[in-house]
Amino acid sequence: MLDPKLLRSDAQKLAEALKKKNFVLDIDGINALDSRRRELLQETEKLQNERNVRSKSIGQAKASGQDIAPLLAEVASLGDSLEQNKKALAEVQAEFDDLLMRIPNTPQECVPAGRDEHDNVELRRWGTPRSFDFEVQDHVAIGEAMEAMDFATATKLTGSRFVVMKAGIARMHRALIQFMLDQHIESHGYTEVYVPYMVNRDSLLGTGQLPKFAEDLFRLEGESEYYLIPTAEVPVTNLVRDTIVPAEQMPLKYVCHTPCFRSEAGSYGRDTRGMIRQHQFEKVELVQLVLPEQSDAALEELTGHAEKILQLLELPYRAMLLCGGDMGANAARTIDLEVWLPSQNCYREISSCSTFEDFQARRMQARWRNPETGKPELMHTLNGSGLAIGRTLVAILENYQNADGSVTVPAALRSYMNGLERLV
RNA sequence: GGAGGGGUGGCAGAGCGGUUGAAUGCACCGGUCUUGAAAACCGGCGAGGGUGAAAGCCCUUCGAGAGUUCGAAUCUCUCCCCCUCCGCCA
23 MLDPKLLRSD AQKLAEALKK KNFVLDIDGI NALDSRRREL LQETEKLQNE RNVRSKSIGQ
83 AKASGQDIAP LLAEVASLGD SLEQNKKALA EVQAEFDDLL MRIPNTPQEC VPAGRDEHDN
143 VELRRWGTPR SFDFEVQDHV AIGEAMEAMD FATATKLTGS RFVVMKAGIA RMHRALIQFM
203 LDQHIESHGY TEVYVPYMVN RDSLLGTGQL PKFAEDLFRL EGESEYYLIP TAEVPVTNLV
263 RDTIVPAEQM PLKYVCHTPC FRSEAGSYGR DTRGMIRQHQ FEKVELVQLV LPEQSDAALE
323 ELTGHAEKIL QLLELPYRAM LLCGGDMGAN AARTIDLEVW LPSQNCYREI SSCSTFEDFQ
383 ARRMQARWRN PETGKPELMH TLNGSGLAIG RTLVAILENY QNADGSVTVP AALRSYMNGL
443 ERLV
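Heads up: the first sequence runs through residues 23 to 446, numbered per my numbering.
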């Protein structure tokens with residue numbers, strides 16, 4: 023959520039910034055609604071004050087034994103007009119809140135303008151894609167040849183965009199999770215957390231998946247309005263919802279492995295083959311909750327932590343600064359990491375690292391206490407995949423494939439697989 | 001699932017329907033005392049919003065929502081959460 027005060031004082035500037043995200047800010051509409059809201063608010067408060075004052079004097083009169091009947095008569099009509107005002111205010115307020123919750127975050131100055139991924143800016147590249155002296159197979163062919171990756175059976179069990187893994191591939195998939203968690207805990211200073219995989223509406227409003235992107239989520243049947251998490255970002259970031267964190271505990275750095283569930287509505291026909299785009303996938307997520315002045319540096323740091331995983335696995339990648347049009351609605355700046363996929367002869371997203379500045383914190387009322395002012399102030403939130411497990415598995419299968427159909431186990435992973443050097 | 005008990009400020013814990021935004025204690029901050037610290041004493045100390053240059057003033061907030069009332073932390077209803085016992089269960 024943007025700062026409502028800025029929306030009032032600096033709307034032009036916000037509108038200009040939001041253009042980068044192809045969002046048209048209806049300044050006149052918002053202003054009209056806001057001034058109506060404020061009008062009603064002030065009128066309501068006036069009436070409430072009158073009621074309070076009168077009620078108090080009735081109390082005093084009664085205490086001193088006076089006749090309160092005439093005082094009661096004076097107050098008779100007050101209740102009705104107050105009631106009407108409150109009702110009108112509640113309606114306008116709800117409309118205003120909803121509007122506010124649907125405005126995207128403003129991108130930072132450094133975010134390039136652009137419509138889609140073609141306008142993203144490459145920041146750096148690491149590693150050199152391997153050249154193959156045989157015909158490269160994609161991960162589906164490799165996995166199915168090993169009889170360790172089975173999409174047809176997953177379709178039978180559930181439907182499209184699911185997978186069944188077996189034996190060495192299933193084990194490598196699990197090893198990746200352990201490896202990444204350990205790296206972030208032991209070398210990058212994160213605290214591991216385990217969280218619910220279902221969350222309520224408030225949590226999704228907090229991180230910004232709702233109210234705008236309900237169609238991307240799986241909502242559960244039942245009395246409670248629960249949703250499967252689309253990313254660990256939701257439960258982990260919401261750990262600090264409605265809390266005031268003491269300054270000395272900041273920054274908070276959490277790493278969390280969870281499955282992620284996404285409906286992938288609107289991506290029909292995209293990446294239909296293989297494990298690239300699934301309704302259910304595992305991810306190790308990095309979340310940082312930091313002081314405002316730390317967030318820009320924290321994004322670089324967090325991205326570096328995700329990159330380190332790719333480097334340790336010796337997977338070639340590039341880092342991309344996303345253009346306004348390709349960014350998520352909630353982010354202020356996003357750096358994507360793209361891993362080389364030989365079968366597609368291109369780099370594909372494997373991690374997305376973003377700073378949200380105070381956008382999520384304002385929605386969540388997530389604050390820290392500034393010792394200088396003694397006042398609670400909004401913190402900044404960041405997160406990034408470190409990394410998406412399924413896509414990392416895909417990258418390893420494809421980049422480490424051998425002519426005989428086997429796959430070399432990356433050195434960094436072997437201690438997590440009982441020394442196994444090769445999947446066959 | 002059945003039976004009970006509870007949700008009040010950072011924590012603990014009072015609160016006859018009417019100066020209760022809320023006693024008291026702890027914690028915290030400032031001061032006195034002290035070489036320094038502790039103790040003791042004095043003072044301050046929730047959050048959100050509106051208005052204002054500021055001081056301040058005003059509104060909201062005692063799990064959430066609805067209701068009764070001139071007036072609700074206090075009464076009624078619904079829901080949520082926590083605790084204890086029984087049953088079931090990984």
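For glycine and all other residues, C-beta sits at the position ideal for the given N, C-alpha and C.
This one's a predicted model, so the numbers in the text were calculated from it and none came from an experiment.
- Here Lys-305 is buried: its Cβ has 16 or more other Cβ atoms, across all protein chains shown, within 10 Å.
- Judged by DSSP in its simplified three-state form, Glu-131 adopts coil rather than helix or strand.
- Per the Cβ contact rule, the segment 313 to 328 is in contact with the segment 377 to 395 (3 or more Cβ pairs under 8 Å).
- As summarised for the segment 230 to 302, the continuous beta strand (DSSP E) elements at least 3 residues long and confined to that stretch are 248 to 250, 265 to 268 and 274 to 283, given in chain order.
- Met-202 is positioned such that its CB atom lies no closer than 8 Å to that of Trp-390.
- Of all C-beta pairs linking the segment 68 to 77 to the segment 113 to 132, fewer than three are shorter than 8 Å, placing the two stretches out of contact.
- The three-state reading of DSSP puts Ile-125 in coil, since its state is none of H, G, I, E or B.
- Residue Ser-209 holds the alpha-carbon nearest to the alpha-carbon of Glu-323 among Pro-364, Glu-237, Ser-209 and Leu-335.
- DSSP places Val-97 in the uninterrupted alpha helix (DSSP H) bounded by 91 to 97.
- Non-local C-beta neighbours of Val-186 in its own chain, meaning closer than 8 Å and more than five positions away in sequence, comprise Met-171, Asp-172, Phe-173, Thr-175, Ala-176 and Leu-179, ordered along the chain.
- With distances taken between CA atoms, Glu-245 lies nearest to Asn-222 out of Phe-156, Asn-222, Glu-394 and Leu-122.
- Excluding the 5 residues flanking it on each side, Ala-33 has same chain C-beta neighbours closer than 6 Å at Ile-49, in chain order.
- Across the set Val-97, Leu-104 and Ala-95, the C-alpha of Leu-104 shows the shortest separation from the C-alpha of Lys-68.
- Residue range 368 to 379 is occupied by the beta strand (DSSP E) that includes Ser-373.
- Residue nearest to Phe-303 within the set Ser-374, Arg-284 and Lys-27 is Arg-284 (criterion: CA-CA distance).
- Apart from sequence neighbours up to five positions away, the residues of its chain that approach Asn-421 with a beta-carbon distance below 7 Å are Arg-152, Leu-337, Trp-362 and Pro-364, ordered along the chain.
- Contact check for Leu-242 against Leu-250 passes: the beta carbons are separated by less than 8 Å.
- For Glu-399, the secondary structure class from DSSP, reduced to helix, strand or coil, is strand.
- Look at Gln-423 here: in three-state DSSP terms it is strand.
- In the structure shown, Lys-188 falls within a coil segment according to DSSP collapsed to helix, strand and coil.
- Taking a cut-off of 8 Å on C-beta distances, the segment 147 to 161 does not touch the segment 125 to 137, as fewer than three cross pairs fall below it.
- With 16 or more other Cβ atoms inside 10 Å of its own Cβ, Thr-229 counts as buried.
- Arg-137 sits in coil when the DSSP states are folded into three classes, being neither helix nor strand.
- DSSP places Val-162 in the helix class (H, G or I) of the three-state scheme.
- Of Tyr-219, Ser-373 and Lys-397, the smallest CA-CA separation from Thr-280 is found for Tyr-219.
- When rounded, the separation of the alpha-carbon atoms in Met-386 and Leu-227 is 8 Å.
- In the displayed model, Asp-32 falls within coil according to three-state DSSP, outside both helix and strand.
- Checking the DSSP bridge columns, you'll see Ile-357 partnered with Leu-343 and Cys-375.
- Counting every other CB atom within 10 Å of its CB across the protein chains shown gives Lys-43 a total of 16 or more, marking it as buried.
- Annotation: the continuous beta strand (DSSP E) that includes Val-143 extends over 143 to 148.
- Straight-line measurement puts the Cα of Ser-374 at about 28 Å from the Cα of Leu-29.
- If you check the CB distance, Arg-183 and Gln-300 come in under 8 Å.
- Note on geometry: alpha-carbon atoms of Phe-240 and Tyr-339 lie some 31 Å from one another.
- For Ala-170, there is no enclosing beta strand (DSSP E), since its DSSP letter is neither H nor E.
- Of the candidates Arg-295, Asp-224 and Gly-296, the residue whose Cα lies closest to the Cα of Arg-263 is Asp-224.
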